[in-house]
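Here is the structure we will look at, set down as C-alpha cells.
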Amino acid sequence: MATKEKTWYPIVFMFVATLFISTILIAFGSFTRQRVQDNEQIAFERAVLEALPIDLPPNASPSTIHTMYLEHVKEASDASAGALRYIENDSLIAYGLPLEGPGFWAQIKAVIGIAADKQTITGISFYEQNETPGLGGEIVKQDFRNQFIGKRLADTNTPLEIRMQSVPLDESSVHAITGATQTSTRLGRFMNEQLMQWRDAMKGTN
Amino acid sequence: MLAQKKTKDVILDALWGDNPVFRQVLGICSALAVTNLVINTVVMSVAVIFTTALSSFTVSLLRKYTPRVVRMMIETLIIAFESVLA
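Chains B and A are the protein sequences, given in the same order. Mapping the first sequence onto our numbering, position 151 (from 1) lands on 151, and the numbers just tick up by one. Mapping the second sequence onto our numbering, position 30 (from 1) lands on 30, and the numbers just tick up by one.
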C-alpha cells in the first residue's frame, strides 16, 4: 500500500499544508503590522485635513500630510465634545468630528468638518469603507462629498438629510447615490445620530 | 515548433477564445465595478496574473503528493493564500 493511499496521509498532508501557509501569513502579518497602522493613521489624518477648510495638495506625500496635521489640528477637548479642532493664529476655525457606523457591508469611518459657528459644514471625507465598488463605494468620490460643503445643520432630529435624487434639496440636505440606497440610508442614520449627539453636547458647553 | 504553436494558442485562447471575463463570465462584477480607472485595471490585472500563475504552478508542483480526497481543499487553500499575498 503506497503511503499516499494510507488513511492518515490526507489528514497529515492537510495539517502540514495549513500549518505552513498559516505560519507564512502570520509572519507576513506581524512583519507588516506597523506599516498598516502607519497607513491607517495617515488615511485618518488625510480625511481630517480634507474635511476641514485646509488646502491639501492633491498628491501630498504621507510626510506632508502628517506635518500639516500636526501643524493645524489640535486634539479634541471637553469644550469640543470629542471633535478635533482646527486652530489658526489662536482662533478656532472649524471642528473635525469623526463619524463611525455600519454601512451595507462593513463599518464606514469618516470625518465631517463643521465651521466655528457649529452649523456650517466645511466638508466630509471617508477614510475606511468597504461598500460595493461603483455603487455604495461612490461615497468617497468628490461629486458626492462636495454636496456637503456649505450645508447647514438643521435644528431637527435630522441635522443633515440624505434625500433621494427626485426630492429637491434645501440648505440641510444632500442627494443620495443612485443604486446605493442601503449605503446612503445607513450613512444618513449614523451620521445624523452622531451629529445630534455632538450638537447637544456642544449646547451644554455654552 | 509544436511547443511554440501550443504556447501561442494558449496565449490567444486566454486573450479571446477562452477569456475568463468575456467568454467564461468569471469576475465580471469586479471587472465592471473595480476597473473604473486605468490604474485600478492595471493593478487588478497584475494581481490576477500573479494569483492564477503562481497558484497553477504551486498546484502542479504538489500534484503528485496531494491525496485525491483533499485535492479540492488544498487547491482552495493555495489559491486563497496567494490571493491574500497579491
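Beta carbons are placed, not taken as given, at the ideal position from N, Cα and C, and that holds for glycine.
At a cut-off of 8 angstroms between beta-carbon atoms, M73(A) makes contact with chain B.
Cβ contact annotation for L92(B) (same chain, cutoff 8 angstroms, sequence separation greater than five): R85, Y86 and A116, in chain order.
Interface with chain B (8 angstroms Cβ-Cβ cutoff): L32(A) is included. Not flagged as an interface residue toward chain A: P58(B), since no C-beta distance is shorter than 8 angstroms.
Cβ-Cβ distances below 7 angstroms link A94(B) to L52, P53, Y86, G113, I114, A115, A116 and T122 in the same chain, with the five nearest sequence neighbours on each side left out; the list follows chain order.
A direct Cα-Cα distance of roughly 39 angstroms separates S63(B) from D155(B). DSSP places Y95(B) in the uninterrupted beta strand (DSSP E) bounded by S91 to P102.
With respect to the C-alpha of S166(B), the residue from V174(B), L160(B) and P159(B) having the closest C-alpha is V174(B).
Along the segment 95-112 of chain B, there is no position whose C-beta sits under 7 angstroms from a C-beta of chain A.
V25(A) and A86(A) have their C-alpha atoms some 22 angstroms from each other. Listed along chain B are A17, T18 and I21, each with a C-beta nearer than 8 angstroms to that of L77(A). T52(A) and E88(B) have their alpha carbons spaced roughly 53 angstroms apart. V73(B) has its alpha-carbon roughly 31 angstroms from the corresponding atom of F104(B).
Look at V70(A): its C-beta is under 8 angstroms from a C-beta on chain B. The alpha carbon of Q129(B) has as its nearest neighbour, out of Q194(B), G82(B), Y69(B) and E40(B), the alpha carbon of E40(B). Contact between the segment 12-20 of chain B and the segment 73-82 of chain A is present: 3 or more CB-CB pairs across the two stretches fall below 8 angstroms.
Here K151(B) is near S172(B), since their CB atoms are less than 8 angstroms apart. DSSP places I54(B) outside any beta strand (DSSP E), giving it a letter other than H or E.
Under the three-state reduction of DSSP, E131(B) is assigned to coil, being neither helix nor strand.
With respect to the C-alpha of G188(B), the residue from A201(B), R199(B) and M164(B) having the closest C-alpha is M164(B). Comparing alpha carbon positions, the residue from A76(B), A43(B) and A81(B) closest to S61(B) is A43(B).
Pairing S77(B) with A83(B), the inter-Cα distance amounts to about 7 angstroms. Cα atoms of A47(B) and I24(B): separation of roughly 33 angstroms, rounded to the nearest angstrom.
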